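*Asks:*
Numbering (the working numbering), first residue to last: 1084 to 1584.
(1) With distances taken between CB atoms, is the gap from residue 1347 to residue 1376 smaller than 8 Å?
(2) Spell out a yes or no on whether the segment 1499-1515 and the segment 1547-1565 are touching, meaning 3 or more CB-CB pairs, one atom from each, closer than 8 Å.
(3) Report, in whole angstroms, the separation of the C-beta atoms of residue 1498 and residue 1534, which I expect to be a contact under 8 Å.
(4) Going by the CB atoms, is the gap between residue 1432 and residue 1468 shorter than 8 Å?
(5) Terminal residues of the continuous alpha helix (DSSP H) containing residue 1217?
(6) Going by DSSP, what residues sit across from residue 1330 in a beta bridge?
(7) Would you list the one or two residues that DSSP bridges to residue 1147?
(8) Please go through the same chain and pick out, in chain order, the residues whose beta-carbon is closer than 7 Å to the beta-carbon of residue 1341, but skip the five residues on each side of it.
(9) Under a three-way DSSP split, which group does residue 1232 fall into?
(10) If you drop the 5 nearest sequence neighbours on each side, which residues of the same chain put their C-beta closer than 7 Å to that of residue 1322?
(11) Since residue 1472 sits in a beta bridge, which residues does DSSP pair it with?
(12) Can you tell me whether residue 1241 is helix, strand or coil according to DSSP?
(13) Which stretch, first to last residue, makes up the beta strand (DSSP E) that contains residue 1570?
(14) By how many angstroms is the C-alpha of residue 1554 removed from the C-alpha of residue 1327?
(15) Report the three-state DSSP secondary structure of residue 1361 (helix, strand or coil).
(16) In whole angstroms, what is the alpha-carbon distance linking residue 1395 and residue 1418?
(17) Does the distance from the CB of residue 1485 to the CB of residue 1455 come in under 8 Å?
(18) What does the alpha-carbon distance come out to for the pair residue 1242 and residue 1217?
(19) To the nearest whole angstrom, what separates the beta carbons of residue 1471 and residue 1435, a pair I think is in contact under 8 Å?
(20) Between residue 1490 and residue 1465, how many whole angstroms is the CB-CB distance? I'm expecting something under 8 Å.
(21) Which residue comes first and which comes last in the alpha helix (DSSP H) that contains residue 1503?
(22) Between the C-alpha atoms of residue 1503 and residue 1281, what's the straight-line distance to the nearest angstrom?
(23) In whole angstroms, what is the alpha-carbon distance linking residue 1254 and residue 1231?
(24) Could you check where the beta strand (DSSP E) with residue 1273 kicks off and where it finishes?
(25) Apart from the five residues on each side of it in sequence, which residues of its chain come closer than 8 Å, Cβ to Cβ, to residue 1481?
Rendered as structure tokens:
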């Protein structure tokens, strides 16, 4: 297929997906061009989208199937495919059960647009759709035995499977020799005995339950049967995205990390904080690494103490090598950041200057991090989540956060005062505050004239009353937020808020 046709398909399908949730999609593998340094930007313009859709059907490039055009009854939709229809099909079912039948050996692209929370999708035979390149399936079941017939899709390059319960993969998964992307999301995953090689795999993401699984601890993140380590099923030298990989002493001692010469996005879970520094020192040599997520597990958690008890601690000495990651643009740290009151510098002093997006979760810092974070010259997105900061006061000084565009503060449950000096965050456009039960005033927002969206969720009623307008009566602090075009308020907390962890 010509390059122009590839781009056209990618563009049309992305436009189609924008306004609706996508459950099942088969399109071309994510297109990568050596001459393109940035991803294709798509503007959600309804008029332009409709024009593209109409043109696609006129050219017999893409066909749309809707219930109003098909004889169906009850809560199910039967779709029978034949070879005469276009090779790219989009189905808007409007039903809970969709049955795909027929034989269309040339089918390349199939979209099932999710209008319900979950759609039960039934496919007659994987053998009838051998040319599919990308497959995404979602199942709302407690246990999903993925059909072995999936191995018939020899041309498959992108496979994404998601379910709410346990996922059991078949041995046939090893037949997908052309697979470039494998994405698994479920509560737990079982893989076949034995070893198989997916030599062409470039992107591997496994999200099992929550990374912070309260029920059984962080160890369940890779609840893999038979002791099988999924990352051994592909060549580390070719992998570009890998989330999440357990790091143990054996992996460190064998220098497995050094084999990932092409890695750009890496998520790792440490079973011991003792392995953090030695692993990071090895990773300094990975010059292509741009995105890094790190979690540290506590060896002996106390479940009755809640979510935070499952996480271990990062110390300044553990994370100090990060300062040498000169090309790193995205960093996520989940775990306690051990503060030393006798040190002259903040525990976050190790952060590389190249960071564009920073996520800190469950850090439980008590020392105000705003001074050190405000001096990061490239920081555009900052997320402080789930007790990242446990102090009472934060100060954003003048001329700090020069490039910050989006700021999210979640569950800073001790935060009572936030001082924003004039000149701070001169480019901020999005501010989201949620579950910050003690924060009752936002006086500094009047200085941030660039702010376009303010989102307040589970915030104190005393704060909301100050900024809202009831009838024609303005709150006493409304003038401080009057310039913000969009203010979204939800789930107001009346009285003292509590959040059980």
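Ideal Cβ positions, reconstructed from N, Cα and C, are used throughout, including at glycine.
Please read these numbers as outputs of a predicted model, since none were measured by experiment.
*Replies:* By the coordinates alone:
(1) Mapped onto the chain shown, residue 1347 falls at position 264. Mapped onto the chain shown, residue 1376 falls at position 293. Against a cut-off of 8 Å, the Cβ pair of residue 1376 and residue 1347 comes out as no contact.
(2) no
(3) Taking the first residue of the chain shown as position 1, residue 1498 is located at position 415. Taking the first residue of the chain shown as position 1, residue 1534 is located at position 451. Contact flag wrong, Cβ pair sits at about 19 Å.
(4) As a first step, residue 1468 must be located in the chain shown, where it is residue number 385. As a first step, residue 1432 must be located in the chain shown, where it is residue number 349. No. Outside cutoff.
(5) To locate residue 1217, count along the chain shown from 1; it is residue 134. Looking at the DSSP string, residue 1217 is not in any alpha helix (DSSP H); the run it does join, the beta strand (DSSP E), is 1217-1222.
(6) Against the chain shown, residue 1330 aligns to sequence position 247. For residue 1330, which the question treats as bridged, DSSP gives the partners 1353.
(7) For the purposes of this step, residue 1147 is taken as the residue at position 64 of the chain shown. DSSP, once it has assigned bridges, lists 1173 as partnering residue 1147.
(8) Position 258 of the chain shown, counting from 1, holds the residue named residue 1341. Answer for residue 1341: 1365, 1368, listed in chain order.
(9) As a position in the chain shown, residue 1232 is number 149, starting the count at 1. Looking at residue 1232 - three-state DSSP - the assignment turns out to be helix.
(10) The residue given as residue 1322 occupies position 239 in the chain shown. Taken in chain order, the residues that qualify are 1284, 1285, 1287, 1343, 1345, 1346.
(11) One-based indexing of the chain shown puts residue 1472 at position 389. In the DSSP output, where bridge partners are listed per residue, residue 1472 has 1448.
(12) The sequence position of residue 1241 within the chain shown is 158, counting from 1. Reduced to three states, the DSSP call for residue 1241 is strand.
(13) Counting from one through the chain shown, the residue named residue 1570 turns up at place 487. It spans 1569-1573 - the beta strand (DSSP E) in which residue 1570 sits, taken as one unbroken run.
(14) The residue you call residue 1327 lines up with position 244 of the chain shown. The residue you call residue 1554 lines up with position 471 of the chain shown. Taking the straight line from one Cα to the other gives about 51 Å.
(15) Locating residue 1361 in the chain shown gives position 278, where the first residue counts as 1. Of the three classes helix, strand and coil, the one that applies to residue 1361 here is helix, per DSSP.
(16) Within the chain shown, residue 1395 is the residue found at index 312, counting from 1. Within the chain shown, residue 1418 is the residue found at index 335, counting from 1. If you take the alpha carbons of residue 1395 and residue 1418, they lie about 6 Å apart.
(17) Locating residue 1485 in the chain shown gives position 402, counting from the first residue. Locating residue 1455 in the chain shown gives position 372, counting from the first residue. It is not a contact, given that the beta carbons lie outside the stated cut-off.
(18) Within the chain shown, the letter at position 159 stands for residue 1242. Within the chain shown, the letter at position 134 stands for residue 1217. For residue 1242 and residue 1217, the distance between alpha carbons rounds to 6 Å.
(19) For this step, residue 1471 is matched to residue 388 along the chain shown. For this step, residue 1435 is matched to residue 352 along the chain shown. Contact doesn't hold; Cβ gap of about 19 Å is too wide.
(20) In the chain shown, counting from the first residue as 1, residue 1490 sits at position 407. In the chain shown, counting from the first residue as 1, residue 1465 sits at position 382. Right, the Cβ-Cβ distance comes to about 5 Å (below 8 Å), so this counts as a contact.
(21) The residue given as residue 1503 occupies position 420 in the chain shown. Where residue 1503 is concerned, there is no enclosing alpha helix (DSSP H), although the beta strand (DSSP E) it sits in stretches over 1500-1503.
(22) The residue labelled residue 1503 in the question sits at position 420 within the chain shown. The residue labelled residue 1281 in the question sits at position 198 within the chain shown. Looking at the two C-alpha atoms, the distance is approximately 52 Å.
(23) As a working mapping, residue 1254 is identified with position 171 in the chain shown. As a working mapping, residue 1231 is identified with position 148 in the chain shown. Computed Cα separation, rounded: 7 Å.
(24) Residue numbering aside, residue 1273 sits at position 190 when the chain shown is read from its first letter. Looking at the DSSP string, the run of the beta strand (DSSP E) that includes residue 1273 is 1271-1273.
(25) Working through the chain shown from its first residue, we reach residue 1481 at position 398. Closer than 8 Å at Cβ, skipping near neighbours: 1504, 1505, 1506, 1507.
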